[in-house]
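Notes for the one structure printed next.
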Amino acid sequence: MPRVAPHVEAATVDSVAAFDYAPAPESRDIVRLDAEYGLFVGGEFHPAVSGRTFVTINPATEEPLASVAEAGVEDVDRAVAAARAAYEDGWGRLRGRERAKYLFRIARVIQERARELAVLESLDNGKPIRESRDVDIPLAAAHFFYYAGWADKLEHAGFGPQPRALGVAGQVIPWNFPLLMAAWKLAPALATGNTCVLKPAETTPLSALFLAQICQEVGLPPGTVNILTGAGATGAALVAHPGVDKVAFTGSTEVGKEIRRAVAGTHKRLTLELGGKAANVIFEDAPIDQAVEGIVNGIFFNQGHVCCAGSRLLVQESVADLVLDRLRERLATLRLGDPLDKNTDIGAINSAEQLAKIRGLADAGSEEGAERWSPPCTLPDRGFWFPPTVFTGVSQSHRIAREEIFGPVLSVLTFRTPAEAVAKANNTPYGLSAGVWTEKGSLILWMAQQLEAGVVWANTYNRFDPASPFGGYQESGFGREGGRHGLEGYLDG
Ligand code: NAP
Ligand code: MG
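Each residue of the sequence shown is one higher than the last, beginning at 141 in this note's numbering.
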């Protein structure tokens, strides 16, 4: 029997018309999965030297998808050597306009194979096909297109007359946007003439391996991109390898701190894209229906597995009841379930571990006295699921207001004045993003100046463009990805 989400209170949402949708599943046969995948080193797939493998599963069903090689220290050595050779003999000597051609080809093939990639990403990650199809894959292609355009213009990018590549980049990425994060790392590194060794997250290795196949398909010189699958130990071995000139990491603040310690005192350049606890600030003059859409997109997009998620809603007291009523109504219309169904809004939580973390923090919210609410929603029997959840009566000292939950959980706080909104929004060790909703342009500009966040969205949320730099302050990390700024982390200007 399907489980019914706990903490259900249907009373406030019974005015909503319920639409029935017939299932509209995308076919999983669109993508052909191999039973086993090797490491992509020097342009070919190889088993790990140790012979070790691990299994990646579909988090929506817990079904095994494929067995994947687990890279050890020897494999890291080989991949870094392959990247070094490619840098010295090939890629590092190519002219920018030649590098650009490869990046354009990668972008084109991502577009051509977008449907396969979208299904693969949803299978391995649990995210709704609507998001992988409309957001992850198109943005990944857009990143390669965008940086292809920079490859032959680096002398004009403002980093000196002859900016040079750094050499071999060791790159480690998380599981929330697997292909997109790979694109964010690889595209600027390759455009600037570096070669790469990339480690995807243990739970989502498949789209990076698909990208490795695309590198073969476009004839990218062997060793220019190497993909090492594995867990945290593989990432640690990669960032510690003396042959790496640049470390680029996206992931948790905790691991970011370890990596910073590991590279301290070496020649390695470092950029860190870490966690966040963003405030989404709604003023009383905001267009409320639009703001409610922005709140939903801010925290329930990608199951809330988003570093810049608007996980703290700051709403002006005078409109708090109105906003919360509309928000509950809207949440009651979200559909949770099969990620491959095109009607699905909320997919599966990426792993049992992440589900346990979300549950633990949500329980802490209840224990500390906040009021918990979820719309009526049925959770599938198998797989990892968490209902969209809203906490009201949250105070700034609650764990759910301070710690990154990285799940579909919204903490609501109120404020009376803009100054109070700023003080509350900035009361966090993070500083990745923020949202502001108001009709007043002057207030938007003032808020954007006051908020300590790398990205401030005004009357929108979670909007990404390859031309726009993204990155954090404080414990959200340093360095920018995207835009002209994204070149800087890979150049010795
Ligand atoms: P994580 O545990 O830090 O893992 C990130 C990556 O680092 C994974 O590939 C992981 O491997 C690897 N790793 C783990 N321990 C390592 C070590 N000691 N040395 C080197 N690599 C290591 O983070 P996560 O839980 O996967 O991702 C969620 C976090 O990423 C959130 O905090 C989120 O805010 C952040 N994030 C930030 C951004 C941004 O742009 N700022 C974007 C997306 C996500 P395994 O997965 O195989 O263990
Ligand atoms: Mg998986």
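Ideal placement from N, C-alpha and C gives every residue a C-beta, glycine not left out.
Exposed unless 16 or more other CB atoms sit within 10 angstroms - verdict on residue i
i, result
"Lys397", "exposed"
"Val195", "exposed"
"Thr374", "buried"
"Gly131", "The structure shown does not extend to residue 131, since the chain is modelled only from 141 to 633, so the question has no answer here."
"Ile354", "buried"
"Leu585", "exposed"
"Leu462", "exposed"
"Gly629", "buried"
"Glu214", "exposed"
"Glu342", "buried"
"Thr557", "exposed"
"Arg620", "buried"
"Ser458", "exposed"
"Pro142", "Below a pLDDT of 50, predicted positions are generally treated as unreliable, and Pro142, at 43, falls in that range; the measurement from the model is reported next regardless. Label assigned to Pro142: exposed."
"Ser551", "buried"
"Pro548", "buried"
"Asp605", "exposed"
"Asp154", "For Asp154, the pLDDT reaches just 46, beneath the cut-off of 50, and the residue's location in the model is therefore unreliable, although a value from the coordinates is still provided. With fewer than 16 Cβ atoms within 10 Å of its Cβ, Asp154 is classed as exposed."
"His123", "Outside the modelled stretch of the chain, which goes from 141 to 633, sits residue 123, for which no answer is possible."
"Val144", "Only weak support is given to the placement of Val144: the predicted model assigns it a pLDDT of 44, under 50, and the value that follows is read from those uncertain coordinates. Val144 should be labelled exposed."
"Ala188", "buried"
"His407", "exposed"
"Glu149", "With a pLDDT of 41 at Glu149, under the threshold of 50, the modelled position of this residue cannot be trusted, and the question is left open."
Residue i Cβ short of 7 Å to ligand 1 heavy atom set
i, result
"Leu179", "no"
"Ile636", "Because the chain in this structure spans residues 141 to 633, residue 636 falls outside the shown range and cannot be described."
"Ser392", "yes"
"Glu413", "yes"
"Trp315", "yes"
Closer than 7 Å: residue i CB and nearest ligand 2 heavy atom
i, result
"Ile498", "no"
"Ile197", "yes"
"Thr634", "Past the edges of the chain, shown from 141 to 633, lies residue 634, and the structure says nothing about it."
"Asp169", "no"
"Asp429", "no"
"Asp274", "no"
"Asp485", "no"
"Asp264", "yes"
Rounded Cβ spacing between residue i and residue j (contact assumed at less than 8 Å)
i, j, result
"Leu414", "Glu615", "6 Å"
"Trp315", "Asn490", "5 Å"
"Ala247", "Ala225", "Actually they are not in contact, since the Cβ atoms of Ala247 and Ala225 sit about 26 Å apart, beyond 8 Å."
"Gly363", "Gly183", "6 Å"
"Phe299", "Ala327", "That belief does not hold up - the Cβ atoms of Phe299 and Ala327 are roughly 17 Å apart, past 8 Å."
"Ala431", "Thr554", "Actually they are not in contact, since the Cβ atoms of Ala431 and Thr554 sit about 14 Å apart, beyond 8 Å."
"Ile250", "Leu257", "7 Å"
"Leu89", "Ile435", "One cannot answer for residue 89 here, as it falls past the ends of the chain, which runs 141 to 633."
"Ser207", "Ala175", "7 Å"
"Ala565", "Leu591", "6 Å"
From the options, residue whose alpha carbon lies closest to that of residue i
i, options, result
"Asp478", "Ile246, Gly182, Ile269 and Val403", "Ile269"
"Leu237", "Val216, Gln589, Ala331 and Ala563", "Sequence check: residue 237 is Arg here, not Leu. Nearest option by C-alpha distance: Ala331."
"Phe440", "Gly523, Glu457 and Arg468", "Arg468"
"Arg253", "Pro318, Arg172, Ile313 and Thr473", "Arg172"
"Leu471", "Glu511, His283, Gln494 and Pro527", "Pro527"
"Ala492", "Phe524, Ala510 and Glu507", "Phe524"
"Gly487", "Glu457, Asp264, Glu511 and Ala352", "Asp264"
"Gly310", "Ala223, Cys517, Ile250 and Leu360", "Ala223"
"Tyr161", "Arg452, Lys482 and Ala496", "Lys482"
"Leu627", "Asp217, Asp292, Arg556 and Thr578", "Asp292"
"Arg624", "Leu294, Glu256, Pro520 and Arg233", "Leu294"
"Ala426", "Cys448, Ala297, Gly575 and Ser167", "Gly575"
"Asn334", "Val446, Arg620, Gly450 and Leu234", "Leu234"
"His381", "Gly212, Glu560 and Val595", "Gly212"
"Asn567", "Ile313, Thr518 and Ser537", "Ser537"
"Phe350", "Val595, Gly178 and Ala164", "Gly178"
"Leu279", "Ala297, Pro318 and His407", "Pro318"
"Pro609", "Tyr287, Asp174, Asp169 and Lys497", "Tyr287"
"Ala352", "Gln443, His186 and Pro516", "His186"
"Phe531", "Pro345, Glu507, Glu394 and Val595", "Glu507"
"Val358", "Arg239, Ser347, Ala371 and Glu511", "Arg239"
"Leu205", "Leu583, Cys517, Asn442 and Pro345", "Pro345"
"Ile277", "Asp465, Ser347, Ala209 and Gly509", "Ser347"
"Pro569", "Met587, Tyr227 and Gly617", "Gly617"
Contact test: residue i Cβ vs ligand 4 heavy atom, cutoff 7 Å
i, result
"Asp174", "This structure lacks ligand 4; the ligands present are ligand 1 and ligand 2."
So, does the region 582–602 touch the region 418–429, judging by three or more C-beta pairs under 8 Å?
yes
Inspect the CB distances between the region 358–368 and the region 331–345 and report whether three or more fall short of 8 Å.
yes
Pairs of beta-carbons, one from the region 305–312 and one from the region 381–397, closer than 8 Å: are there three or more?
yes
Just checking, does the region 539–551 make contact with the region 493–501 on the three C-beta pairs under 8 Å criterion?
yes
Stretch-stretch touch, CB-based, cutoff 8 Å, three pairs: the region 473–493 with the region 197–207
yes
Would you say the region 230–248 touches the region 398–407, given that touching needs at least three Cβ pairs under 8 Å?
no
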